[in-house]
Amino acid sequence: SENDPDESPRPFGLAEEETVALSAPEPSDSIEPSIEPAALVSPPRLLSRAAPPMLAGPVTRYGFRDAKPINFGKGSPRHLAVHGVDVSRWQGNVNWDKLRVQGANFAYIKATDGGDHLDPMFMKNWRNADAAGLKRGAYHFFYWCRTAGEQADWFIRNVPRVEGALPPVIDVEWNGESSCKRRPSREKVLEKMQVFMDKLERHYGQRPIIYTAPDFYRDNLRGEFLDYPFWVRAVARHPSKVYPDRKWLFWQYSGSGLSHGVTGRIDLNVFHGDERQWRNWAGGRISVADAD
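The opening residue of the sequence shown carries number -4 in our numbering; numbering runs sequentially from there.
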């Protein structure tokens, strides 16, 4: 809503693009911290008993600037140790080494949206983020005018299943710029999400992470998917104010980050835990059962 700063337009957020044909892609374009880190309850939960994944490397300290900094008070994301970014084609050619030095410990990379669009920078970003030492994961922007099964198959077709990758992300939100104007009922939204996430979990052996924004969360997700990790967008108030009673794993706290590694602005994110919890979570050494 226009009265909620957490829902203002964000040209550099996860949902800045709409689904288009692969052959011709076009752009569409709080103060108190939570009590318990979500890292203790929302791990990647590897299902395979094969060799353990690669551990996270040394944590580099926060060094980003912000074009529109927000004072989150005691709940400042700077009080948390492990920061990262999310990127898509709109960041252009990313200098991953510079991002790493400046404080990016992980990156979520736009892979797909809908059932036929692949971000043209995905594979380059996927390889180069790994080469620079970042923990990497891929995200899919969910398109409400395609079936969940088609979208899951498209993601699986394009995103490698590799040891050490972070869990896949489903990005669910209302996108006013999308060619799809459909807003399914809450029941249909939850059904579609479950189908998509089940297929990804079976393929990758990791429970997907749900990324969302405040209005979509209020409409559809409050009280749902309690055993799934959440990545929340809250760029004006602390997540505890925007998503009450929801444990979160990642927080997207800015869409206006500045870095020597990119031209323009970049989304900034933080992991909800300390360095030890990050290494355990990213290395797959924490399970849901262990946390209970």
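For every residue, glycine included, the Cβ atom is placed at its ideal position computed from N, Cα and C.
Three or more beta-carbon pairs separated by less than 8 Å are not found between the stretch 202 to 217 and the stretch 82 to 92, which leaves the two stretches without contact. Here Phe101 is bridged, per DSSP, to Gly79, Lys130. Restricting attention to Arg232, Phe245, Arg84, the CA atom closest to the CA of Pro224 is found in Phe245. Counted as a single uninterrupted DSSP element, the beta strand (DSSP E) harbouring Gln247 occupies residues 245 to 253.
In the DSSP assignment, Thr207 forms a beta bridge with Val167, Val227. As a beta-bridge residue in DSSP terms, Asp108 pairs with His112, Phe136. In the three-state DSSP reduction, Asp214 falls in the helix class (H, G or I). Beta-bridge analysis with DSSP links Asp148 to no other residue. DSSP, reduced to helix, strand and coil, places Arg60 within a strand of the structure shown.
For Leu263, the enclosing beta strand (DSSP E) has its first and last residue at 260 to 266.
About 19 Å separates the beta carbon of Leu195 from that of Phe101, a gap too long to meet the 8 Å contact definition. Contact between Asn264 and His78 holds, with the beta-carbon distance rounding to 7 Å and staying under 8 Å. Non-local beta-carbon contacts of Ile261 in its own chain, meaning distances under 7 Å to residues more than five positions away in sequence, involve Phe7, Val80, Val82, Gln86, Gly252, Ser254 in chain order.
Secondary structure at Asn153: helix, using DSSP grouped into helix, strand and coil. Rounded to the nearest whole angstrom, the CA to CA distance from Phe266 to Ser180 is 31 Å. Segment contact: the stretch 120 to 131 against the stretch 183 to 191, fewer than three CB-CB distances shorter than 8 Å; contact not assigned. When Tyr248, Arg122, Gly110 are compared, the shortest CA-CA separation from Cys140 is found for Gly110. DSSP places Glu182 inside the alpha helix (DSSP H), whose first and last residues are 181 to 199. When His135, Pro64, Ala231, Tyr238 are compared, the shortest CA-CA separation from Leu221 is found for Tyr238. In this structure, the beta-carbon distance from Val227 to Ser249 does not fall below 8 Å.
Nearest in C-alpha terms to Arg60, of all of Asp269, Gly259, Trp169, is Gly259. Nearest Cα to Arg73 within the set Arg197, Asp269, Lys183, Arg95: Asp269. Judged by DSSP in its simplified three-state form, His74 adopts helix. By the neighbour-count definition (other C-beta atoms within 10 Å, threshold 16), Asp240 is an exposed residue. Scanning His112, His198, Ile204 for the CA closest to the CA of Val157 turns up His198. In the three-state reduction of the DSSP assignment, Ser174 falls in the coil class, being assigned neither a helical nor a strand state.
When secondary structure is reduced to three states using DSSP, Glu270 falls in the helix class. In this structure, the straight-line span from the alpha carbon of Ile205 to that of Lys119 is close to 24 Å.
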